[in-house]
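Sequential numbering from 0 applies to the sequence shown in numbering that gives the first Met the number 0. Cβ coordinates follow ideal geometry from the N, Cα and C atoms, glycine included.
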Amino acid sequence: MRRFPILGVLLLIPALVFLGMTGCSDKKTPATKTTGADPKTTNNKGDGKTVKITAATDGTVAGVVKFDGEAPAIKLIVDEIKKNKDADACLAGQKANIWNVAEQTWLVDKKGGVANVVISLVPEAGKEYDIKADLLAKWKMKTDENDQPYCAYIPHVIAVFADVQPVVFKNTSAVSHSVKIVGGETNGNSEKVIAPKVGATEPRTFAYDRRPVPVMCALHGWMNSKVITFKHPYFAVTKADGSFEIGDVPVGETLRVFMWHESLDKAIDTGKTVTAAAGKKTTIDGLKISNK
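If you want it as structure tokens, here you go:
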């Protein structure tokens, strides 16, 4: 009789511990990863059923993401830029203190704050967000602008409400740029050359894709950006000091805190939860990320 090997698969199901009715807490479980930049936001309990979250949305969640350990060394790209015909205009950004003329993956300030980390809030298993018409209308007016002032996309990472929030790519620099979007079947592949100073793309939305959508400049090979899409508005990208704020959060609901960074291929469950309080700002403490 022919024998076939059997591969044993061990699934670790962490127990979730939620503390309190408001505020944030740490789960006594290790952080986990999920495929894509956006973790799954509709989690049924196995029966295929979910409950809509209908709580009032007047809570605010905030925090700061810090680098855990010694910050990565800055990788200057001056030599690469000097080979380009637009070198003088591009390097002027360093003198203007607009960008550091370096590779943009890790941007850590003097106090350890990490820029371009995407924070998202995910409901408990069996629940999903119910986005009301007034909130949708608000986000349709909330255009996200990505500029190219000195041969770098600023901000380096943007996150948007899929199919709702408009995005505009601008060019306020002294040289032409091209906006090359590699969106594949979901968001399409396109390229548009933008004139100096006054150029901009037409506003557009991005369809939902759990993978980051790459954006590049065909005229300056070092330039790149990422567009992260969500099916809901409960996300934020950290600023230069690592801070973020998420508004209109449902009150009284326990939400899991996920983070994504360009160095990761998956969104990470931070092991923390947060419950927003009505009309108040709830802070998530102890958010850290490293390059290990």
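For LYS139, same chain residues with a beta-carbon under 8 Å away, outside a window of 5 residues either side, are VAL163, GLN164 and PRO165 in chain order. Ranked by Cα distance from LYS280, the options ASP37, GLY58, LYS48 and ASP268 are led by GLY58. For VAL77, no beta strand (DSSP E) encloses it; the enclosing alpha helix (DSSP H) starts and ends at 77-81. Counting only unbroken stretches of 3 or more residues, the beta strand (DSSP E) elements lying wholly within the region 153-226 are 156-160, 166-170, 176-182, 187-193 and 212-215, in sequence order. The beta carbon of LYS51 sits closer than 7 Å to those of GLU127 and ASP129, all from its chain and outside the five residues before and after it, given in chain order. Taking 8 Å as the cut-off, the beta carbon of SER119 is found closer than this to the beta carbon of PHE257. Separation of ASN170 and ILE153 (C-alpha to C-alpha, rounded to the nearest whole angstrom) is 10 Å. Shown here, ASP143 sits in a strand according to DSSP, grouped into three states.
For the 8 Å CB-CB criterion, GLY62 and ILE283 form a contact.
The Cβ-Cβ distance between GLN103 and HIS155 falls below 8 Å. In this structure, VAL273 places its C-beta atom within 8 Å of the C-beta atom of LEU254. According to the DSSP assignment, GLY246 belongs to the beta strand (DSSP E) that extends over 242-248.
Residue environment analysis places PRO202 among the exposed positions, since fewer than 16 neighbouring C-beta atoms fall within 10 angstroms of its C-beta.
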